[in-house]
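Working notes, structure below.
Number of protein chains: 4
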Amino acid sequence: MEALVLERKDELSMREIHLEEHLGARDVRIALRRVGVCGSDVHYYVHGGIGPFLVKEPMVLGHEASGEVVEIGSAVDTLAVGDRVCMEPGVPDPHSRPTRLGKYNLDPAIRFWATPPVHGVLRPTVVHPADFTFKLPQSVSYAAGAMVEPLATGVYAATKAQIQPGEVALVTGAGTIGLVTVLAALAAGCSKVIVSDVQEPKLELARQFGAVTAVNIRSQDLAQVVNRQTDGWGVDIVFEASGNDRAAAQVFDHICPGGRVVLIGMPGAPIAYDVLAAQVKEARVDHVFRYAHIYPRVVAMLASGSIDVAPLITATYDFADSIEAFDYARSAPPTAIKVQIQMP
Amino acid sequence: MEALVLERKDELSMREIHLEEHLGARDVRIALRRVGVCGSDVHYYVHGGIGPFLVKEPMVLGHEASGEVVEIGSAVDTLAVGDRVCMEPGVPDPHSRPTRLGKYNLDPAIRFWATPPVHGVLRPTVVHPADFTFKLPQSVSYAAGAMVEPLATGVYAATKAQIQPGEVALVTGAGTIGLVTVLAALAAGCSKVIVSDVQEPKLELARQFGAVTAVNIRSQDLAQVVNRQTDGWGVDIVFEASGNDRAAAQVFDHICPGGRVVLIGMPGAPIAYDVLAAQVKEARVDHVFRYAHIYPRVVAMLASGSIDVAPLITATYDFADSIEAFDYARSAPPTAIKVQIQMP
Amino acid sequence: MEALVLERKDELSMREIHLEEHLGARDVRIALRRVGVCGSDVHYYVHGGIGPFLVKEPMVLGHEASGEVVEIGSAVDTLAVGDRVCMEPGVPDPHSRPTRLGKYNLDPAIRFWATPPVHGVLRPTVVHPADFTFKLPQSVSYAAGAMVEPLATGVYAATKAQIQPGEVALVTGAGTIGLVTVLAALAAGCSKVIVSDVQEPKLELARQFGAVTAVNIRSQDLAQVVNRQTDGWGVDIVFEASGNDRAAAQVFDHICPGGRVVLIGMPGAPIAYDVLAAQVKEARVDHVFRYAHIYPRVVAMLASGSIDVAPLITATYDFADSIEAFDYARSAPPTAIKVQIQMP
Amino acid sequence: MEALVLERKDELSMREIHLEEHLGARDVRIALRRVGVCGSDVHYYVHGGIGPFLVKEPMVLGHEASGEVVEIGSAVDTLAVGDRVCMEPGVPDPHSRPTRLGKYNLDPAIRFWATPPVHGVLRPTVVHPADFTFKLPQSVSYAAGAMVEPLATGVYAATKAQIQPGEVALVTGAGTIGLVTVLAALAAGCSKVIVSDVQEPKLELARQFGAVTAVNIRSQDLAQVVNRQTDGWGVDIVFEASGNDRAAAQVFDHICPGGRVVLIGMPGAPIAYDVLAAQVKEARVDHVFRYAHIYPRVVAMLASGSIDVAPLITATYDFADSIEAFDYARSAPPTAIKVQIQMP
């Protein structure tokens, strides 16, 4: 089949590739409809690897996807041919200890699309377990369906934070993950979200989401804004979504006594962590790794309108123009949030 | 001062009453602006008591209130004359064990407005501790400010439920408490709320709140609706807000495995509780008693627009017409939700 | 193979029975060493069924078991031939939604030994999934290994209660489940456990467990004891383990403000539940259904000596005398706690 | 009165000091009986300050104390003259926001004994609020009563960790705080505790506590021990009690997927914190600052015998020899854990 293949660092091609596609009893075959370009896809393109995951063989990219069911396995009773769906890109070993505990995202044996040596889905069809394939209601477009994956990260982080209705959150970083976290925090009950970044177009977008105070730390003092917005008490929660080591090191400055922190961003090296600052406020720090058991709730939130992801999709390319899409994403203009690819 | 006094069961009068009003160092004096009529006020009017609380002496009614600060005690530094405020009607003993544990609503010695022998606030001014008086931002009207008290019950119940974003809730009962719970559950992250009642106007109002399925159990099978809306899995949470013993007895029919129940309504007698039905789903049942530490978050939600209480205020009377207001509330027309009194 | 077969209500026989025993890749074959007689086994013997579970075909009894691995499937790498083990009697559908959420005990399709139509293990060997088979260290005897099943109920209830170290618990009921709950509550950090029953020998046994106050409610006022032991504050947790409807109805009398209740016992009919009594203390009520993910922790507690179950095993019979063992258990003398059967 | 006064860095004297001692309505006057020497006392002696807290005026040392009530205020009804008691050394502002939320230990205005400018209790009597004074049962000695303060830190950390019965913990550091945390973790339900340090006498002491594996990291590989003790899964909880920056930086190496960390030790500078290592296991990190609401539970645990602190008290001096006691503590021999002073 025709696919977008990362041949090696810096080299993409649209070409035929032979992929084994056995349909098991609990699987479905899906025709891809929309695929988002993720920062990790671009990272593999630019660097040829992420940490220990190196691209040694040609690999199909893409893991943020929606599609249409075109064939179902003999034991599948939750989906039917013609269903519009989105898919979790990671499939764990059902027998691993984390999976059985309900924490399948922590299974080291998880197979994740477009993570070497597992192929991604910038291709016409894919076979996937029905248990990790979720029906989209008519009101949720394929474009929105392909946003469920990044949005899942934000909603999962909001879930971990155990937000109480009316609390105030700070999100550091207004990239895709920061912005979906802002949306998730608002939908999860925050009365107000402060978001910080250095790129004005991203902050400008965040301001359109509602009760958001967007802070450009190039020109504004974040601590002052937090103080003013919380009468000097501090925010209830900080979501660190920038991966920037300085932002991560300062999270305890901004929280209130008893406040919580969720570290979502992935700094390139260990950060300087001020234990005493965390202790005097008895901070609770949670970490997230992708997400688990969250897709049905994210789809429900899109369906009910409590989250609208349309403003985040800032460019769409045809599948034939996938390389162009990646080169655009690679150039990272500040006005670009999510680039998607429309499948044939 | 002129006040609305419940002389005894069935007898209200607007008359002068002498009330001791010493302003302590940590107190403020407030000119009342808006006072809501609560079901408990009406219950005292009709029955002369609630459970062990009997009206033995004439008592001023009213405890859902907003106002303006007109004088501050010497140690008050969080409020100023002219501040627009709302007030918690219950003031606990600061030295009781529940209070020190942060659970002041469970202090048996709490003094609560319009609960014998404590006077309420249908009168020109009241002295109140600054710690239980909360500033209203300009965007929150006095009418909305006087709704903070009933809304607090709903937001507190939603807090207890530990809602995860995207969950589905059922609220049984669409009276004032049921409706504020619907609003709170949506604002706290539910993607969908099912609400049941027998009075169509109340259900009709609920339908205007957004992702709400309103069920008239006179004509519809609630279990069927729950099944349909949740693909047979059950709701994540039931908020029982009717106080009806049959509704309370059926909560476990509607929840999913691992689901939660919050019992808000106060049935007149013990209910029939099916332990086995709760066990096979490992239900967690929480109970709420008024609220604690919730006013600042409720005010923030009104200020941010995440909850709009205006549709719940269905009638407003002048203070001079307070008796008329109570007689209207007592007649309980199905279109009446919250009756408020505009103070002079 | 030779097995103890419940032919029908009131009729047991020791006889040959043909049982299909296919060893799958992830299974082990176990030679049974010790099997406990559970109240449910006796109930099937006496009544021919429990609720909807009716004995329509002859069924082998027994589900509290330890044994020795005699054969392993091709994919098993956690166990070896010769390992001493205990086994969870319930095996869920790995693909059900509760199982995937980590709550496999709530899977309605769970297959549980000696629950019609699934055979139990009073027989020489059984094939079982390795994932539900747990190695016993040398220091844990087969007799103790066969106690892991009932003990799991107590430890799981203690886990649900989220005991804080030093809290005080009340356990109502001193049968096997009540007693293992007392042991679990002490091992889980309670500084003191009050236990109530009407049978003196059981209370006498409980008194040997350490910081236990055993109350015979025939002669003592439980509320008075609770008050005295807690300076009038109430216990932090009530574990209801009697299944008695009056005991279950009174749980809220005994807890402190903010206290918790775990309902373990299974009353025959709905209980009278005092919602207001629960509300004024904001009780949290949890329910347990068997247990999940608890065997490794229970085995570890037996191995470390933090729980000693030896005193609970009050009679042991040879496999050949199984019918005698059941008739003794059926007679329910107050001095009998756990009857076990020594397999050949 | 005669007191042990820290005149300035390096200079202690036993001398008369005039201390204001007004007995308020809610206070009691206590004759000190036993006072422990804390690392912070010694730190003030050696360094003249801790962080921002500088000894600018002569200050009485000592904050781990037990005593006897000799006078009670007019509103005190929970204590009587002659009661044997222990005392929390920190008294918060009852009106601060953290205090009202039940988190009084986070109140920045808390007044803590022997923290400049507040005097400690190495002196004959002290006046203290009854709410922070706790009765000792006859079975708890004054020596044990003076251990409640350091023990409270361990029990509070164990409470934060939300230990499930049977879990396995690692405590890094076997100083006083490490050792009380080992005791607390065992009493709170851990089936096994691994503890690491470099001083053999401290590890030897820990081995006497029961199910403890004590690791000298000078000669053993801690990661290997953790692997062996947990079959490669990792411990459920790490309590970092050394304050050593390398130990703090390695906590995520030792936990299991979904594991928790409690940071108790106070490193002198920010630590290197590996966010990615925490993320792949979704660690939850809690921090503790002293303790709150824990004294009654600690006293109950001492009374029930679930914790025995006697082995930790390795030296006792008469009050007259207080300076000698401090010089011994300052020399920090590896066999010394807790030095106490017997008051006259």
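First to last, the sequence lines map onto chains S, Y, U and P.
Numbers 819 to 1162, taken from this note's numbering, label the letters of the first sequence in order.
Numbers 819 to 1162, taken from this note's numbering, label the letters of the second sequence in order.
Numbers 819 to 1162, taken from this note's numbering, label the letters of the third sequence in order.
Numbers 819 to 1162, taken from this note's numbering, label the letters of the fourth sequence in order.
Glycine included, each C-beta is placed from N, C-alpha and C at the ideal position.
query = Taking any Cβ of chain U, which residues in the segment 1060-1090 of chain P have a Cβ under 7 Å from it, in chain order?
reply = none
inquiry  = Does the contact criterion of 3 or more C-beta pairs under 8 Å hold for the segment 850-870 of chain Y versus the segment 1141-1152 of chain Y?
reply    = yes
task = Could you tell me the distance, in whole angstroms, from the CA atom of residue 976 of chain S to the CA atom of residue 915 of chain Y?
result = 33 Å
task = Could you tell me the boundaries of the alpha helix (DSSP H) in which residue 1044 of chain U lies?
result = 1040-1047
query = Is it true that the CB of residue 1159 of chain P sits closer than 8 Å to the CB of residue 940 of chain P?
reply = yes
request  = Going by CA-CA distance only, name the one from U:950, U:983, U:1006 that's closest to residue 922 of chain U.
outcome  = U:950
message = For residue 832 of chain U, list the residues DSSP reports as bridge partners.
response = U:822
query = Are three or more beta carbon pairs between the segment 889-904 of chain U and the segment 832-848 of chain U nearer than 8 Å?
reply = yes
key: Simplified DSSP assignment, three categories, for residue 956 of chain Y   = coil
ask   = In three-state DSSP terms, what is residue 1091 of chain U?
value = strand
ask   = Which bits of chain S does residue 949 of chain U rub up against, with CB to CB less than 8 Å?
value = 913, 918
task = Note down, in chain order, each residue of its chain lying with its Cβ closer than 6 Å to the Cβ of residue 1136 of chain P, except the 5 sequence neighbours on either side.
result = 1160
ask   = What does residue 985 of chain S touch in chain P if you count any residue whose Cβ is under 9 Å from its own?
value = Simply none; closest approach about 13 Å.
request  = Please decide whether residue 906 of chain P counts as near chain S, where near means a Cβ-Cβ distance under 8 Å.
outcome  = no
ask   = From which residue to which residue does the alpha helix (DSSP H) around residue 947 of chain Y run?
value = Note, residue 947 of chain Y: premise wrong, no alpha helix (DSSP H); beta strand (DSSP E) at 943-947.
request  = Taking the CB atoms as reference points, tell me whether residue 1098 of chain S and residue 1081 of chain P lie closer together than 8 Å.
outcome  = no
request  = Give the residues of chain P in contact with residue 1102 of chain S, contact being defined as C-beta atoms less than 8 Å apart.
outcome  = 1102, 1103, 1104, 1105
key: residue 980 of chain S - DSSP class collapsed to helix/strand/coil   = coil
request  = List the residues of chain U whose Cβ lies closer than 7 Å to the Cβ of residue 1010 of chain P, in chain order.
outcome  = 1118, 1122
ask   = Should the segment 967-983 of chain Y be regarded as contacting the segment 1002-1014 of chain Y, the criterion being three or more beta carbon pairs within less than 8 Å?
value = yes
ask   = Using a Cβ-Cβ cut-off of 8 Å (strictly less than) and excluding sequence neighbours within five positions of residue 1022 of chain S, which residues of its own chain qualify?
value = 1032
ask   = Residues in its own chain within less than 6 Å of residue 1014 of chain P by CB, not counting five upstream and five downstream?
value = 990, 1033, 1035, 1040
request  = Would you grab the beta carbon distance between residue 866 of chain U and residue 826 of chain U for me? Rounded to a whole angstrom, and I think it's under 8 Å.
outcome  = 6 Å
Residue-level contact to chain P via CB, residue 977 of chain U, 8 Å cutoff = yes
key: 6 Å Cβ shell around residue 1103 of chain Y - same chain, five flanking residues per side excluded   = 1079
key: Contacting positions in the segment 830-847 of chain S - beta carbon closer than 8 Å to chain U   = 844
message = Quick check on residue 1133 of chain P: does DSSP put it in helix, strand or coil?
response = strand
beta-carbon residue 1086 of chain Y near the ligand MG non-hydrogen atom, thresh 7 Å = Absence of the ligand MG from the depicted structure is noted, as is the absence of any ligand whatsoever, leaving it without description.
query = Are there three or more Cβ pairs, one per stretch, closer than 8 Å when the segment 1051-1058 of chain P is compared with the segment 1066-1075 of chain P?
reply = yes
key: Below-8 Å beta-carbon distance, residue 946 of chain S vs any chain U residue   = no
query = So what does residue 849 of chain Y bridge to, in DSSP terms?
reply = Y:886, Y:943
Within-8 Å CB hit, residue 1096 of chain P to chain B = Looking at the structure shown, chain B is missing, and the protein chains on hand are S, Y, U and P.
Chain-ordered neighbours of residue 1041 of chain Y on chain S, where CB pairs are closer than 7 Å = The contacting residues do not exist; residue 1041 of chain Y stays about 20 Å from chain S at best.
query = For residue 881 of chain S and chain U, any beta-carbon pair shorter than 8 Å?
reply = no
Span separating the alpha-carbon of residue 1181 of chain U from that of residue 935 of chain S = Given that chain U is displayed from residue 819 to residue 1162, the structure contains no residue 1181 of chain U and the question cannot be resolved.
query = Terminal residues of the continuous beta strand (DSSP E) containing residue 987 of chain Y?
reply = 986-990
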